[in-house]
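Peer 1:
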Amino acid sequence: MSEQNKNQWIENVDVCVVGAGHAGCEAALASARLGLNTVMFTVSVDSIALMPCNPNVGGTSKGHLVREVDALGGEMGKNIDKTFIQSKMLNVSKGPAVHSLRAQADKSEYSRSMRRVLENTENLTIKQAEICELIIEDNTIKGVVTNTGTTYMCKAAVLCTGTYLKARCLCGEAITYTGPSGLQAANNLSKNLIDNGILLRRFKTGTPARMDKRSIDFSKMEEQFGDERIIPFSYSTDPESVQKEQVSCWLTYTNEETHKIIRANLNRSPIYAGIIEGTGPRYCPSIEDKVVKFAEKERHQVFIEPEGLYTNEMYIGGMSSSLPEDVQLQMYRTVPGLENCKIVRNAYAIEYDCLEPNQLLPSLELKKISGLFCAGQFNGSSGYEEAAAQGLIAGINAAMKIKGKEPLVLDRSEAYIGVLIDDLVTKDNREPYRMMTSRAEYRLLLRQDNADLRLRKFGYEVGLVSKEDYEKTLKKQEAIEKEVNRLKSTMVGANKKTQDFLTRHESSLLKTGASLADLMCRPELTYENLAELDDERQNLPYDVLEEVIIQVKYEGYIERQMHQVSQFKKMEKKLIPDDIDYDDVSSLRLEARQKLKQFKPLSVGQASRLSGVTPADISVLLVYLEQLKYRKK
Amino acid sequence: METNTIAAISTALSEGGIGIIRVSGDDALNIVNSIFVNKDKKQNLLSFKSHTIHYGFIVSGDEIVDEVMVSIMKAPNSFTKEDVVEINCHGGILVCKKILELVLNNGAKLAEPGEFTKRAFLNGRIDLSKAEAVMDVISSKNNQALKNSLMHLEGKLFEKIKEIREGILYEIAFIESALDDPEHISLDGYNEKLSEKLSYLINEVSKLYDSSKKGKFLKEGINTVILGKPNVGKSSLLNVLSGYEKAIVTDVAGTTRDIIEEEVVLNDISLNLIDTAGIRETDDYVENIGVSRAKKYADSADLVLFIMDATKDISKEDEEIIDLIKDKKTIVLLNKIDADCVLSKEKVSKLFSKECDILEISAKESLGIKDLENIIENMFLEGKLPSNDELYITNIRQGEEIKNALTSLKNVEDSIEKGLPEDFYSIDLMSAYASLGKIIGEQVDDDLVDEIFSKFCMGK
Chain A
36 MSEQNKNQWI ENVDVCVVGA GHAGCEAALA SARLGLNTVM FTVSVDSIAL
86 MPCNPNVGGT SKGHLVREVD ALGGEMGKNI DKTFIQSKML NVSKGPAVHS
136 LRAQADKSEY SRSMRRVLEN TENLTIKQAE ICELIIEDNT IKGVVTNTGT
186 TYMCKAAVLC TGTYLKARCL CGEAITYTGP SGLQAANNLS KNLIDNGILL
236 RRFKTGTPAR MDKRSIDFSK MEEQFGDERI IPFSYSTDPE SVQKEQVSCW
286 LTYTNEETHK IIRANLNRSP IYAGIIEGTG PRYCPSIEDK VVKFAEKERH
336 QVFIEPEGLY TNEMYIGGMS SSLPEDVQLQ MYRTVPGLEN CKIVRNAYAI
386 EYDCLEPNQL LPSLELKKIS GLFCAGQFNG SSGYEEAAAQ GLIAGINAAM
436 KIKGKEPLVL DRSEAYIGVL IDDLVTKDNR EPYRMMTSRA EYRLLLRQDN
486 ADLRLRKFGY EVGLVSKEDY EKTLKKQEAI EKEVNRLKST MVGANKKTQD
536 FLTRHESSLL KTGASLADLM CRPELTYENL AELDDERQNL PYDVLEEVII
586 QVKYEGYIER QMHQVSQFKK MEKKLIPDDI DYDDVSSLRL EARQKLKQFK
636 PLSVGQASRL SGVTPADISV LLVYLEQLKY RKK
Chain B
65 METNTIAAIS TALSEGGIGI IRVSGDDALN IVNSIFVNKD KKQNLLSFKS
115 HTIHYGFIVS GDEIVDEVMV SIMKAPNSFT KEDVVEINCH GGILVCKKIL
165 ELVLNNGAKL AEPGEFTKRA FLNGRIDLSK AEAVMDVISS KNNQALKNSL
215 MHLEGKLFEK IKEIREGILY EIAFIESALD DPEHISLDGY NEKLSEKLSY
265 LINEVSKLYD SSKKGKFLKE GINTVILGKP NVGKSSLLNV LSGYEKAIVT
315 DVAGTTRDII EEEVVLNDIS LNLIDTAGIR ETDDYVENIG VSRAKKYADS
365 ADLVLFIMDA TKDISKEDEE IIDLIKDKKT IVLLNKIDAD CVLSKEKVSK
415 LFSKECDILE ISAKESLGIK DLENIIENMF LEGKLPSNDE LYITNIRQGE
465 EIKNALTSLK NVEDSIEKGL PEDFYSIDLM SAYASLGKII GEQVDDDLVD
515 EIFSKFCMGK
């Protein structure tokens with residue numbers, strides 16, 4: 036703060052949320068809705084809920100996150116339901132655990148609509164200001180100070196600074212010190228955080244070019260349509276209300292010519308020239324990375340996606356880059372359909388400061404600073420959905436902290452959100468973290484179709500889900516159980532009608548009676564075609580049926596995972612005291628001891644997931660903890 | 065479904081013929097009951113009271129495996145405070161192993177190293193002051209098990225397991241990358257490809273399983289040293305013994321040019337057969353080294369096969385050798401009985417201070433070799449020959465993991481057949497990957513995510 040600044044104004048609030056991206060919006064809404072006086076800071080009010088990269092919400096495993104956010108009482112699902120322009124359920128030919136909803140968003144509508152919700156939420160104030168300093172006393176957050184010198188005293192704060200901390204954008208040799216889309220970076224907070232003993236690191240990510248639709252020849256591309264029947268994200272959205280006309284996306288490919296240009300100009304890429312120091316994500320490589328690392332691939336897909344209904348800008352998915360503008364133009368123009376393209380916004384890479392997230396508790400509160408929560412890209416994740424999920428949890432837990440209640444911590448067996456946060460706070464992530472279904476070991480249980488059955492209860496208990504919505508879920512649950520039981524107990528005899536039916540469906544004949552559930556487990560039979568043998572069947576809503584079918588068809592696998600979950604829960608419940616001295620546990624192997632000291636797991640379960648900690652080390656730890664328990668008595 | 069019931073051989077295998085197989089956990093009684101019959105051929109273990117001991121037989125189907133005493137200790141009054149059943153058998157190592165395998169096949173899990181002690185402690189059975197000792201037991205037993213596994217695993221097998229694991233991981237990564245990025249990576253036609261790969265993997269893992277069954281997984285054989293003067297027929301004996309079971313004999317390269325080592329399996333018992341240089345006084349420097357090595361080997365032998373030339377009289381060298389091996393389990397072989405003999409059993413037996421087996425053979429004509437095998441087998445079954453029991457356990461552990469891997473891979477085949485979606489395949493593939501990893505001491509960790517990103521080009 037400069038010395039001339041005479042502003043000594045002080046405001047008193049409950050919760051300060053720093054940042055208004057997808058994490059900040061959820062955090063601020065949750066906190067305000069839970070009755071706390073909340074202020075949300077942003078460097079630009081026009082950038083609230085901005086989507087600076089891909090123009091869509093959801094996708095594999097991210098769709099799960101959106102559903103979970105919705106089930107807990109968050110806003111993202113509702114907002115995309117209001118503003119999408121195309122919707123698709125991915126992976127429908129695969130198992131139910133990996134079905135994932137993805138919707139193309141009208142970006143500016145999405146942003147506007149979210150802002151409308153925020154502006155109409157009681158207890159919530161939006162403030163355009165950069166936060167430069169945190170006031171921390173006795174290892175507790177007391178307030179934040181803006182760039183204009185105003186102090187906001189608070190009881191809790193949530194940091195959701197996204198990619199703005201000391202942001203730097205690179206487009207070949209052209210370097211600008213801004214946040215995404217040329218927005219003002221936040222250059223002061225990093226130093227203050229470091230001064231307060233918080234460890235930061237530097238990550239990078241990138242985005243492709245946006246082009247003028249009029250300069251693209253779509254006749255050379257394959258059209259990609261949305262689904263005929265649209266399924267909404269939110270459990271509160273009436274499915275009929277989202278059946279609307281959709282816009283298309285387009286598919287084209289790079290070719291040898293494209294790759295030649297890239298290879299010839301690699302020396303001008305700031306990443307390959309060594310100018311970028313941050314670590315980038317492997318799952319979302321720039322086109323330069325793809326061409327170098329997968330040199331044997333003759334072509335890469337390019338998805339052309341609209342950025343909204345009222346703009347000509349098109350997003351060039353699959354070709355993010357930090358090459359200089361002249362190389363970008365040459366390279367994009369080799370792609371069929373883009374021969375005459377005009378770039379509205381260049382592709383660029385962005386570098387930013389973010390947190391070493393193993394400084395966090397699973398509640399997303401910093402271990403060292405009471406009342407200071409962190410969420411979103413600041414925690415080293417990437418993606419709008421990952422951000423929203425953390426924002427919601429951080430916002431809820433800031434509120435819980437002030438109310439003196441237990442934090443909401445979901446474990447790996449309850450939600451993708453649990454997997455996401457547990458991975459962030461316990462694993463050694465060296466790149467921006469993206470959710471993936473393969474990261475969820477109990478994914479058969481954590482489906483996008485049952486997020487309400489899994490999580491509504493928590494949302495209701497916390498106070499974000501209304502009684503009415505919660506009761507709706509309970510009723511659904513009841514209907515599912517009733518139908519599953521009916522299918523299991525309804526027997527069909529080995530009579531002529533049954534055998535005829537089985538013959539027609541090329542299914543082996545019955546020797547004795549079987550339940551409808553047994554028959555449903557045969558691959559060639561379905562709930563639908565079994566209607567013929569099922570006289571007492573009643574019409575059930577689609578969402579109930581979907582659950583019934585999954586529960587019956589995959590019962591064996593589901594039970595197996597449930598059994599694993601019960602084992603897992605046992606280990607999660609065995610807590611490790613804060614003051615444990617691993618040097619006192621002489622039988623631990625050296626590598627295990629180092630990892631345990633570094634990551635300070637809260638439970639034996641968490642310890643067992645650290646790489647380098649073997650089952651034998653866990654046995655030793657269990658014995659030691661038992662001994663400690665008695666020593667203390 | 066996973067069980068909490070564990071089993072292990074709880075006596076040192078090499079000591080005498082008595083062995084105890086201990087089973088602990090909720091299903092202990094049920095499991096043992098399913099393989100135990102009393103003298104009237106009835107299964108009635110469940111009705112017995114706690115802290116009683118019962119005479120009967122362990123059976124595998126209709127076949128009687130051994131005559132045993134079974135003791136029952138019900139929770140909480142047992143070592144682990146769980147239901148514990150102990151099977152006391154007296155058939156030596158092979159029978160112990162067989163009974164343990166039966167228990168495992170009937171639903172118990174092989175105990176982790178130190179697991180009984182761990183359970184006893186965690187269930188409050190062991191005094192807290194012993195916690196340090198308990199932790200040491202757990203960590204040293206685990207270290208030992210891993211060391212056994214790695215040190216004694218044949219180099220070829222180690223590489224093979226690694227190769228199979230890599231193959232499995234690649235398939236999981238492919239499936240997972242397609243699930244996570246369906247627009248870039250397609251699973252069309254993948255089932256056929258996977259089926260093909262699976263039959264290869266299953267075949268390879270089955271081969272591993274067979275080797276582990278034959279005890280060929282680890283070099284756990286009994287050190288058997290062939291001693292004798294030069295030219296008494298030591299090498300011929302080695303050849304005839306190894307030739308017997310040629311199909312499952314592997315050559316182990318001798319550590320020196322004068323010592324030849326070969327692993328031979330005779331009726332399930334594996335021998336580390338070591339052929340030495342003939343022992344005699346010599347001025348030849350190189351030969352002298354060989355002789356001193358032979359003496360060293362004789363020193364570390366579990367069993368000595370001492371060969372004498374039956375066509376020649378006893379020499380000074382013979383007497384020296386007899387002195388060298390006076391504390392060793394020895395079988396004396398009078399070789400070359402196809403020719404004119406001057407030595408007799410009676411004459412030779414007088415040379416030894418204690419009783420020992422003396423056998424007339426002809427290595428050249430394969431005479432008496434079957435008798436030799438029988439004698440060795442009997443000595444082994446009677447527990448007269450020591451063996452590395454830790455290695456046996458390790459071998460069983462590895463066998464179990466390979467079996468688990470095999471089952472998991474077959475489950476994948478089954479899932480394909482049943483038309484289950486691809487994401488179900490990776491569940492079982494991952495189990496197979498983890499099981500095989502345990503054999504070579506590797507965990508799963510972040511292998512999958514790393515494999516996905518390094519092998520497949522993900523989009524956005």
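Chains as they are written, first to last, in the numbering used here: chain A, 36 to 668; chain B, 65 to 524.
All C-beta atoms, glycine included, are put in the ideal place defined by N, C-alpha and C.
Please list, in chain order, the chain A residues whose beta carbon lies closer than 7 Å to that of A374/B.
Peer 2: Simply none; closest approach about 55 Å.
Peer 1: Count the other CB atoms within 10 Å of the CB of L610/A; is the residue buried (16 or more) or exposed (fewer)?
Peer 2: Label assigned to L610/A: exposed.
Peer 1: With distances taken from CA atoms, which of T458/B, E515/B, D91/B and F238/B is nearest D487/B?
Peer 2: Out of T458/B, E515/B, D91/B and F238/B, F238/B has the C-alpha closest to the C-alpha of D487/B.
Peer 1: Report the residue from D404/B, K161/B, I395/B and N206/B whose alpha carbon sits nearest the alpha carbon of T288/B.
Peer 2: Residue I395/B is the option with its Cα nearest to T288/B.
Peer 1: If you draw a straight line from the alpha carbon of K123/A to that of H248/B, how long is it in whole angstroms?
Peer 2: Near 16 Å, if we compare the C-alpha coordinates of H248/B and K123/A.
Peer 1: Any idea if P397/A is buried or exposed, counting beta-carbon neighbours within 10 angstroms, 16 or more meaning buried?
Peer 2: With 16 or more Cβ atoms within 10 Å of its Cβ, P397/A is classed as buried.
Peer 1: If we ignore side chains and look at the alpha-carbon of each, how far apart do V179/A and S501/A end up?
Peer 2: Looking at the two C-alpha atoms, the distance is approximately 32 Å.
Peer 1: Ignoring anything shorter than 4 residues, give me the alpha helix (DSSP H) runs that lie fully in the region 90-141 of chain B, in order along the chain.
Peer 2: The region 90-141 of chain B contains these whole alpha helix (DSSP H) runs: 92-97.
Peer 1: Please report how far the alpha carbon of S524/A lies from the alpha carbon of C556/A, in whole angstroms.
Peer 2: Cα-Cα distance, rounded: 14 Å.
Peer 1: So that I know if they touch, is there some Cβ in chain A lying closer than 9 Å to that of K482/B?
Peer 2: Yes, because at least one Cβ of chain A sits closer than 9 Å to the Cβ of K482/B.
Peer 1: Could you check how far apart the C-beta atoms of S148/A and K117/A are, in whole angstroms? I think they sit under 8 Å.
Peer 2: Their Cβ separation, rounded to whole angstroms, is 5 Å, which keeps S148/A and K117/A in contact under 8 Å.
Peer 1: When the Cα atoms are used, what is the spatial distance from A496/B to F408/A?
Peer 2: For A496/B and F408/A, the distance between alpha carbons rounds to 40 Å.
Peer 1: What would DSSP say about Q602/A, mapped onto helix, strand or coil?
Peer 2: In the structure shown, Q602/A sits in a helix (DSSP, three-state: H, G or I).
Peer 1: Counting only C-beta atoms, is C319/A closer than 9 Å to chain B at any point?
Peer 2: At least one chain B Cβ lies under 9 Å of C319/A.
Peer 1: Anyone know if the C-beta pair for V198/B and K224/B falls short of 9 Å?
Peer 2: Their beta carbons are not under 9 Å apart, which means V198/B does not touch K224/B by this criterion.
Peer 1: Is any heavy atom of the ligand ATP found at a distance shorter than 8 Å from the C-beta of R150/A?
Peer 2: Inclusion of the ligand ATP in the displayed structure is not the case, the ligand content being empty and no account of it being possible.
Peer 1: Would L174/B pass as an interface residue toward chain A - the criterion being a Cβ-Cβ separation below 9 Å?
Peer 2: Judged by the 9 Å Cβ criterion, L174/B is not in contact with chain A.
Peer 1: Counting Cβ pairs, one atom from each stretch, are 3 or more of them under 8 Å apart for the region 381-401 of chain A and the region 355-365 of chain A?
Peer 2: The region 381-401 of chain A is in contact with the region 355-365 of chain A.
Peer 1: Have a look at V658/A, L656/A and A627/A and flag the residue whose alpha-carbon is nearest the alpha-carbon of G647/A.
Peer 2: Among V658/A, L656/A and A627/A, the Cα nearest to that of G647/A belongs to A627/A.
Peer 1: So, is the C-beta of N155/A closer than 9 Å to a C-beta in chain B?
Peer 2: So, not an interface residue.
Peer 1: Can you tell which of L125/A, G241/A, Y187/A and C167/A has its C-alpha closest to the C-alpha of E46/A?
Peer 2: Here the closest residue by C-alpha is Y187/A.
Peer 1: Can you confirm whether the region 445-457 of chain A touches the region 621-637 of chain A when touching is taken to mean that 3 or more C-beta pairs between the two stretches lie within less than 8 Å?
Peer 2: The region 621-637 of chain A is not in contact with the region 445-457 of chain A.
Peer 1: Is the shortest distance between the beta-carbon of E516/A and the beta-carbons of chain B less than 9 Å?
Peer 2: No - not a single Cβ of chain B is within 9 Å of the one on E516/A.
Peer 1: Out of curiosity, what's the CA-to-CA distance linking F185/B and A434/A?
Peer 2: Taking the straight line joining both Cα atoms gives about 42 Å.
Peer 1: As a quick exercise: from K440/A, A424/A, I265/A and D324/A, pick the residue whose alpha carbon is nearest that of G406/A.
Peer 2: Nearest option by C-alpha distance: K440/A.
Peer 1: Helix or strand or just coil, what does DSSP make of E567/A?
Peer 2: E567/A falls in the helix class under three-state DSSP.
Peer 1: Taking C-alpha atoms, which residue in L218/A, D614/A, R644/A and F268/A lies nearest to E420/A?
Peer 2: Closest by alpha carbon: F268/A.
Peer 1: Counting only runs that start and end within the region 450-531 of chain A, where is the alpha helix (DSSP H) found for 4 or more residues in a row?
Peer 2: Entirely contained in the region 450-531 of chain A, the alpha helix (DSSP H) runs reaching 4 residues are, in chain order, 451-461, 486-497 and 502-524.
Peer 1: Within the 9 Å Cβ cut-off, does P140/B reach chain A?
Peer 2: Output row for P140/B: interface = no.
Peer 1: When you compare the CB of Y288/A with every CB in chain B, is at least one pair closer than 9 Å?
Peer 2: Answer no: the Cβ-Cβ gap between Y288/A and chain B never drops below 9 Å.
Peer 1: When the Cα of C405/B is compared with those of A374/B, L431/B and S430/B, which residue comes out closest?
Peer 2: Checked all of A374/B, L431/B and S430/B; the closest Cα to C405/B is A374/B.
Peer 1: Residues of chain A with CB under 7 Å from L192/B, in chain order?
Peer 2: The contacting residues are Q662 and Y665.
Peer 1: Count the C-beta pairs between the region 85-98 of chain B and the region 160-175 of chain B that are closer than 8 Å, then say yes if the count reaches three, no if not.
Peer 2: Touching, per the Cβ criterion.
Peer 1: Of the residues that make up the region 54-72 of chain A, which ones have a beta carbon closer than 8 Å to any beta carbon in chain B?
Peer 2: Taking 8 Å as the Cβ-Cβ cut-off against chain B, none of the residues of the region 54-72 of chain A qualify.
Peer 1: Give a yes or no on contact between the region 139-148 of chain A and the region 257-275 of chain B, applying the rule of three or more CB pairs nearer than 8 Å.
Peer 2: No, the region 139-148 of chain A is not in contact with the region 257-275 of chain B.
Peer 1: DSSP three-state label for G241/A, please.
Peer 2: It is a strand residue.
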